[in-house]
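With the working numbering applied, the sequence shown covers 1068 to 1328.
We put the beta carbon where it would ideally sit given N, CA and C, even for glycine.
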Amino acid sequence: MINYTFSLLTFEYYLLVLVRIASFIAVAPFFGLGSVPTRVKVGFSATLAILVAQAMPGTVTYDGMLEYGIIVAKEALTGLLVGMSANCSTYIIGFAGQLIDMEIGLSMAQEYNLLTRTEESVTGNLYYYLIMLLLLISDLYRYIIKAIADTFTLIPVNAQIFQWKYLVNGMVQFVTDMLIIGFRIMLPVFACCMIMNCILGIMAKVAPQMNMFSIGIQLKIFAGYAVFIVTVLMLPRAAVLISDEIKTMLRMMVKGMYGAG
1068 MINYTFSLLT FEYYLLVLVR IASFIAVAPF FGLGSVPTRV KVGFSATLAI LVAQAMPGTV
1128 TYDGMLEYGI IVAKEALTGL LVGMSANCST YIIGFAGQLI DMEIGLSMAQ EYNLLTRTEE
1188 SVTGNLYYYL IMLLLLISDL YRYIIKAIAD TFTLIPVNAQ IFQWKYLVNG MVQFVTDMLI
1248 IGFRIMLPVF ACCMIMNCIL GIMAKVAPQM NMFSIGIQLK IFAGYAVFIV TVLMLPRAAV
1308 LISDEIKTML RMMVKGMYGA G
């Protein structure tokens, strides 16, 4: 039998810990997906908050409910920023898929992704499920849970110092990394389509009676997915790039909130 007692001060502290963790879980990779039931998110957040509050106990001082409400808002913003910094790195997968579909001619074929609750391209969905599966079996979710728990050591409750200039610079750097990583993922398909466009251009000059437009559309689709099948062994490397970017964004966001930026 487990006996657990707490005072009003510890309960107020626990609520603040719960707000940060629940905000993080709501938007974090894996945990914030639309397929995860809300009751599971709430239960997991409450359980994790109890463990964190017991492992790193603390107190909070405030004058009146208005100041306490401001502290709650700060904790919610902290959790959302840390969670979104990790989740936005997964958008690189969809970005790479859209580039590939644009090259092979499937950019108009959009479908609804139930996990991200957004419209994505066919190849983007395929890449998303495969790479997220690789990230899941690599135990990245453990790193994410440890990251939000460690924020209470680096950023105690009501001790945030938002370095907005540093955070904005970090997001600009993320956009740069997204373009680079996305292009690296779609580079094999891009190279194949570029060579095919050169060949079709030469054939159009040699045999102008042939309709290269209708032929090229079909050839690009077949060639694009043929290259994807051949280069499927490169997906673990792409998963490593996404994983490294998630860790980089988490460190950048946390660093921008405890005054070290």
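Where CYS1260 is concerned, the enclosing alpha helix (DSSP H) starts and stops at 1231–1273. Using a 10 angstroms sphere on the CB of LEU1207, the tally of other CB atoms reaches 16 or more, which defines it as buried.
At the C-beta level, TYR1194 and ILE1167 come within 9 Å of one another. The beta carbon of LYS1141 sits closer than 8 Å to those of ASN1225 and GLN1227, all from its chain and outside the five residues before and after it, given in chain order. By the CB criterion at 9 Å, TYR1081 and ILE1137 fall outside the cutoff.
Every alpha helix (DSSP H) of 4 residues or more that sits fully in the region 1122–1158 is shown, in chain order, as 1131–1154. Take PHE1162, set aside five residues on each side of it, and the residues of its chain with a beta-carbon closer than 7 Å to its own are MET1245 and GLY1249, in chain order. Close CB contacts of ILE1252 within its chain, under the 6 Å cut and outside five residues either way in sequence, are with ALA1163 and ALA1305 (chain order).
Per the coordinates, the alpha-carbon of THR1126 lies some 21 Å from the alpha-carbon of ALA1214.
The residue from VAL1094, SER1102 and VAL1109 with its alpha-carbon nearest to that of LEU1085 is VAL1109. Going by C-alpha positions, CYS1265 is about 11 Å away from ALA1258. SER1102 is classed as exposed because its beta carbon has fewer than 16 other beta carbons within 10 Å across all chains shown.
Looking at the DSSP output, GLN1227 shares a beta bridge with no other residue. When rounded, the separation of the alpha-carbon atoms in TYR1233 and VAL1256 is 36 Å.
Annotation for PHE1219: the continuous alpha helix (DSSP H) segment containing it runs 1207–1221. Counting along the chain, SER1102 sits inside no alpha helix (DSSP H), nor does DSSP assign it H or E at all.
Here the C-alpha atom of ILE1313 lies approximately 8 Å from the C-alpha atom of THR1157. In the DSSP assignment, THR1315 falls within the unbroken alpha helix (DSSP H) covering 1302–1322.
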